[in-house]
Amino acid sequence: MPQFHVNGDEVYESDPNVSLHDQETGAESPDMATDSARRSRSFRLKATSRETSRANRNLEMGAEYLQPGTSRSAEKSSKKAIDYFPSEGSKHAGRSRSSRNKRESYYRGDKSSLIEKNKHHMPKKTNWLLLSEQEDGYRYIPQLGDEVVYLQQGHQDYLELSKTSQPGPWLRYGDKIGAVEVCLVEDLKYTTHSGSGESCCDITLRFIDTYSRVVGQKFQLMLPELDDFPDFIVERTRYEAAMERSWTSRDKCLVWWRDESDQGGAWWEGRITAIKDKSSGFPGSPWERYLVKYKNDNTDFRRHSPWELHDPDMSWEQPNIDDERKEDILRSLTELMQKASKDKDRHGIIKLNEVAQKLDFMNRFPVPLSPDIIKSRVENNYYRSLKAMNHDIEVMLSNAESYFQKNTELLRKMKRLSSWFTENILDL
Numbered sequence: 001m002p003q004f005h006v007n008g009d010e011v012y013e014s015d016p017n018v019s020l021h022d023q024e025t026g027a028e029s030p031d032m033a034t035d036s037a038r039r040s041r042s043f044r045l046k047a048t049s050r051e052t053s054r055a056n057r058n059l060e061m062g063a064e065y066l067q068p069g070t071s072r073s074a075e076k077s078s079k080k081a082i083d084y085f086p087s088e089g090s091k092h093a094g095r096s097r098s099s100r101n102k103r104e105s106y107y108r109g110d111k112s113s114l115i116e117k118n119k120h121h122m123p124k125k126t127n128w129l130l131l132s133e134q135e136d137g138y139r140y141i142p143q144l145g146d147e148v149v150y151l152q153q154g155h156q157d158y159l160e161l162s163k164t165s166q167p168g169p170w171l172r173y174g175d176k177i178g179a180v181e182v183c184l185v186e187d188l189k190y191t192t193h194s195g196s197g198e199s200c201c202d203i204t205l206r207f208i209d210t211y212s213r214v215v216g217q218k219f220q221l222m223l224p225e226l227d228d229f230p231d232f233i234v235e236r237t238r239y240e241a242a243m244e245r246s247w248t249s250r251d252k253c254l255v256w257w258r259d260e261s262d263q264g265g266a267w268w269e270g271r272i273t274a275i276k277d278k279s280s281g282f283p284g285s286p287w288e289r290y291l292v293k294y295k296n297d298n299t300d301f302r303r304h305s306p307w308e309l310h311d312p313d314m315s316w317e318q319p320n321i322d323d324e325r326k327e328d329i330l331r332s333l334t335e336l337m338q339k340a341s342k343d344k345d346r347h348g349i350i351k352l353n354e355v356a357q358k359l360d361f362m363n364r365f366p367v368p369l370s371p372d373i374i375k376s377r378v379e380n381n382y383y384r385s386l387k388a389m390n391h392d393i394e395v396m397l398s399n400a401e402s403y404f405q406k407n408t409e410l411l412r413k414m415k416r417l418s419s420w421f422t423e424n425i426l427d428l
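Residue 361 in full-length UniProt numbering is what sits at position 361 of the sequence shown, and the numbering runs on without skipping anything.
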């Protein structure tokens, strides 16, 4: 796998419309340094026209690096940049597509900016864990068995912004944790966020990078929907594609911003004006390292991470269930649904699809999955692995048995449905 290196101290070639002094001043000012903390869903961007050309990407970056898993203390003492590719070989290394993520921001009331206040025009809230296909503005939605890249700096920023009492893994493992760590989603539970009642994920991540000082160790975190904060957990192939793109100063890019439209957002045109560490504590970290100036926006720049930058001339595909297995699953589900109308819904699949639309069912469970949703997800290549699909099936069946526990006949049907899934899907 090729390696791309970054120099934590150098600011690269700037946009001629933005002075180097302005960039340096803006990067170090409290307003700009705390850009993430000022993002709010009360403010929205208006879409500009799309422009798909890209600029020169041949600037070379710094030559020195450390492997992922290197401790922060080692980074500080050496002042070397970091090689932010996972050190393990990846079967997806040949794929490349820059990442996409929805972001929302607070622009300090700057009336010259293209951001306007829309507090009373919020889009209807949907359950982010019930989507049946991946969104245009791709963001990370956890699935059991995912290999992911964890950004410690982003996690720290998020906890500071959200003011939650949830401890970060650095409190337990100290500086053994690298700025970038490869992890496995080893356990995943759907739950509700205390206070808001919104659905969230209770995730157990296990460090799997063999070069990491914490390989084999685990930590747990509660991940809500990040409406106003960028991803600090990134699906591994998406991260690798973003890093392989090797964005450089003056490159044009597109960034997905959420709005109230039917599409849920729009692509914004921007240009990278500089590449600079967000903080000295994480030299060379890709977290919000890229300073992007938006077209027709008077704000000096916005900080972004490489997985938020999209190059329309490059493609990337997330892992998914192979086509042969996918067709087997869909054929089995279709046959079961067709038989249900002839055998008096012996397995209760029609009934389960019906109750999944009722408010009492939807309000009872954090993620009220149904056979229709799972079938649609398989059709749309939503699942990255069989393990992820099987996890959702097990959650759905557990919900169903809990919901019908006082109805003997329907509970019997749910147990029959559970046996059918075990024999025809889960054991594939």
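C-beta atoms are modelled at their ideal positions from N, C-alpha and C, and glycine is treated no differently. It should be emphasised that the depicted structure is a prediction, and the values quoted were computed from it without experimental measurement.
Let me confirm a value: residue i is counted as buried when at least 16 other C-beta atoms fall within 10 Å, else exposed. Which label applies?
{"i": "residue 357", "result": "exposed"}
{"i": "residue 288", "result": "buried"}
{"i": "residue 199", "result": "buried"}
{"i": "residue 223", "result": "buried"}
{"i": "residue 205", "result": "buried"}
{"i": "residue 269", "result": "buried"}
{"i": "residue 295", "result": "exposed"}
{"i": "residue 151", "result": "buried"}
{"i": "residue 212", "result": "buried"}
{"i": "residue 425", "result": "buried"}
{"i": "residue 174", "result": "exposed"}
{"i": "residue 160", "result": "exposed"}
{"i": "residue 338", "result": "exposed"}
{"i": "residue 169", "result": "buried"}
{"i": "residue 276", "result": "buried"}
{"i": "residue 317", "result": "exposed"}
{"i": "residue 330", "result": "exposed"}
{"i": "residue 221", "result": "buried"}
{"i": "residue 154", "result": "buried"}
{"i": "residue 322", "result": "exposed"}
{"i": "residue 402", "result": "exposed"}
{"i": "residue 370", "result": "buried"}
{"i": "residue 143", "result": "buried"}
{"i": "residue 34", "result": "The predicted position of residue 34 is uncertain, since its pLDDT is 38 and thus under 50; a value taken from the coordinates is nonetheless stated next. Exposed: under 16 other Cβ atoms inside 10 Å."}
According to DSSP, is residue i helix, strand or coil?
{"i": "residue 325", "result": "helix"}
{"i": "residue 163", "result": "coil"}
{"i": "residue 211", "result": "coil"}
{"i": "residue 332", "result": "helix"}
{"i": "residue 158", "result": "helix"}
{"i": "residue 422", "result": "helix"}
{"i": "residue 338", "result": "helix"}
{"i": "residue 131", "result": "coil"}
{"i": "residue 194", "result": "coil"}
{"i": "residue 121", "result": "Note that residue 121 has pLDDT 39, beneath the 50 cutoff, so the model's placement of it is unreliable and no number is given."}
Let's see if you can read the secondary structure: which residues bound the beta strand (DSSP E) around residue i?
{"i": "residue 173", "result": "No beta strand (DSSP E) contains residue 173, which is instead part of the alpha helix (DSSP H) from 170-173."}
{"i": "residue 220", "result": "218-223"}
I'd like to confirm the pairing. Which residues does DSSP put opposite residue i in its beta bridges?
{"i": "residue 150", "result": "181 and 233"}
{"i": "residue 188", "result": "203"}
{"i": "residue 310", "result": "254"}
At a Cβ threshold of 8 Å, is residue i touching chain C?
{"i": "residue 426", "result": "The question asks about chain C, but that chain is absent: this structure has only one protein chain."}
Next item on the list: Scan the segment 236-304 and note each continuous alpha helix (DSSP H) run of 4 residues or more that stays entirely inside, going in chain order.
Entry: Assignment of alpha helix (DSSP H) within the segment 236-304, counting only whole runs of 4 or more residues, yields 236-244 in chain order.
Notebook entry, point to check: Along the chain, which unbroken stretches of the alpha helix (DSSP H) at least 4 residues long are found entirely within the segment 340-418?
Noted result: For the segment 340-418, the full-length alpha helix (DSSP H) segments reaching 4 residues or more read 349-355, 359-364, 371-379 and 386-403 along the chain.
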